[in-house]
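I have placed the structure first, in the form of structure tokens, so that the comments after it can refer back to it.
In my numbering, the protein residues as written are 5 to 318.
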């Protein structure tokens, strides 16, 4: 990934000064998938009341965890008092201490932008990817599934709306590799068995986002059969309690119909010279005969030669 994405210390310097009269509301930046459609339990509701809220712990926390907790609380306090620059600085400090939560919040900030600060999508993706790395470095039975959904949904939104498969190849494929790892883990029966009941819907939403991004990648690479399979996986997972994931399920159905029309229903061998392409990209370059629509040709010359046989028959 391009070196500038890892220059987290320099990110703060890029930010413009926030007007004192502006109110920074982190919650308004949260993608729809961070909000369940159905009413949650009181504990879940309290957890979502603020983007940086932390549940109170009665037990004594380890020094690093305690320091991260303090930094996150201070970051929320600074955001509430409109000192966004200081809030970002505190989140960066918490991230350097290994906080996936802080990295996710920075991904959210740079994805949505605040006040006069323009969104920085590459930096947002970099922070989301760092959050993913920090999450899957710990045992999966200790994963915060709600946080994982925030990260995957945020990264999915960037992939779908702000990035291009070829142009942003380094970021894109780093994200795809991370998503594949998460998808594989969430399909492990041993992992599924340990999930709390309240996490099942979130895991379904996570898998929908991941498979949709994988399908987009296959489609961009002209691997249409694989793309259809992945869109079908989204459809099969089905709707859950998260708006954006539900929309992707519906879009997957449309995508499948669109791609099925692109798949050639003829044998991928040139009817005139018997050329048989090996690469999928070359198969899609074959020209289907417009008259019989049952054979293909590798070039205009071969197609013309085949069309001549139709003329003789007529």
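Note that the Cβ used here is the ideal one computed from N, Cα and C, for glycine as well.
Indicate whether residue i and residue j have their beta-carbon atoms separated by less than 9 angstroms.
i, j, result
"residue 228", "residue 216", "no"
"residue 285", "residue 310", "no"
"residue 242", "residue 208", "yes"
"residue 239", "residue 256", "yes"
"residue 68", "residue 102", "yes"
"residue 165", "residue 198", "no"
Tell me which same chain residues have a C-beta within less than 8 angstroms of the C-beta of residue i, skipping the five on either side of it?
i, result
"residue 108", "131, 132, 135, 151, 154, 155 and 158"
"residue 180", "217, 218 and 221"
"residue 139", "104, 147, 148, 151, 152 and 155"
"residue 167", "125, 129, 175 and 176"
"residue 186", "136, 140, 152, 156, 210 and 214"
"residue 253", "212, 238, 239, 241, 242 and 243"
"residue 289", "281 and 302"
Taking buried to mean at least 16 other C-beta atoms within 10 Å of its own C-beta, is residue i buried or exposed?
i, result
"residue 82", "buried"
"residue 163", "buried"
"residue 307", "buried"
"residue 91", "buried"
"residue 213", "buried"
"residue 76", "buried"
"residue 296", "exposed"
"residue 300", "buried"
"residue 142", "exposed"
"residue 72", "buried"
"residue 194", "exposed"
"residue 305", "exposed"
"residue 196", "exposed"
Among residues of its own chain, excluding the 5 on either side of residue i, which ones have a beta-carbon nearer than 6 angstroms to its beta-carbon?
i, result
"residue 232", "260 and 263"
"residue 315", "none"
"residue 205", "244 and 245"
"residue 97", "75"
"residue 188", "none"
Express the C-alpha separation of residue j and residue i in angstroms, rounding to a whole number.
i, j, result
"residue 113", "residue 89", "11 angstroms"
"residue 125", "residue 115", "5 angstroms"
"residue 106", "residue 287", "46 angstroms"
"residue 51", "residue 127", "Residue confidence for residue 51 is low, a pLDDT of 38 falling below 50, so the modelled location carries little weight and cannot support an answer."
"residue 313", "residue 274", "14 angstroms"
"residue 225", "residue 282", "15 angstroms"
"residue 279", "residue 272", "9 angstroms"
"residue 87", "residue 95", "13 angstroms"
"residue 298", "residue 182", "41 angstroms"
"residue 122", "residue 292", "48 angstroms"
"residue 192", "residue 303", "47 angstroms"
"residue 66", "residue 85", "29 angstroms"
"residue 250", "residue 161", "14 angstroms"
"residue 173", "residue 184", "16 angstroms"
"residue 171", "residue 294", "35 angstroms"
"residue 100", "residue 78", "16 angstroms"
"residue 230", "residue 70", "46 angstroms"
Would you please verify whether the beta carbon of residue i is less than 9 angstroms from any beta carbon of chain D?
i, result
"residue 153", "The question asks about chain D, but that chain is absent: this structure has only one protein chain."
Among the residues of its own chain, which have a CB less than 7 angstroms from the CB of residue i, if the five just before and after it don't count?
i, result
"residue 203", "149"
"residue 190", "207, 210 and 211"
"residue 169", "176, 221 and 224"
"residue 13", "Residue placement at residue 13 cannot be trusted, given a pLDDT of 35 that sits under 50; the coordinates are not used to answer."
"residue 44", "In this prediction, residue 44 scores a pLDDT of 41, lower than 50, which makes its location untrustworthy; the coordinate-derived value is nonetheless stated afterwards. Nothing meets the Cβ criterion."
"residue 270", "292, 298, 299 and 300"
"residue 258", "none"
Would you say the beta carbon of residue i is closer than 8 angstroms to some non-hydrogen atom of the ligand COA?
i, result
"residue 177", "As far as ligands go, the structure on display features none, and thus does not contain the ligand COA."
_alpha helix (DSSP H) runs wholly inside the stretch 133-174, at least 4 long, in chain order_ = 149-165
*Residue ranges of each alpha helix (DSSP H) run of no fewer than 4 residues wholly in the stretch 214-284, ordered along the chain?*
228-241 and 247-264
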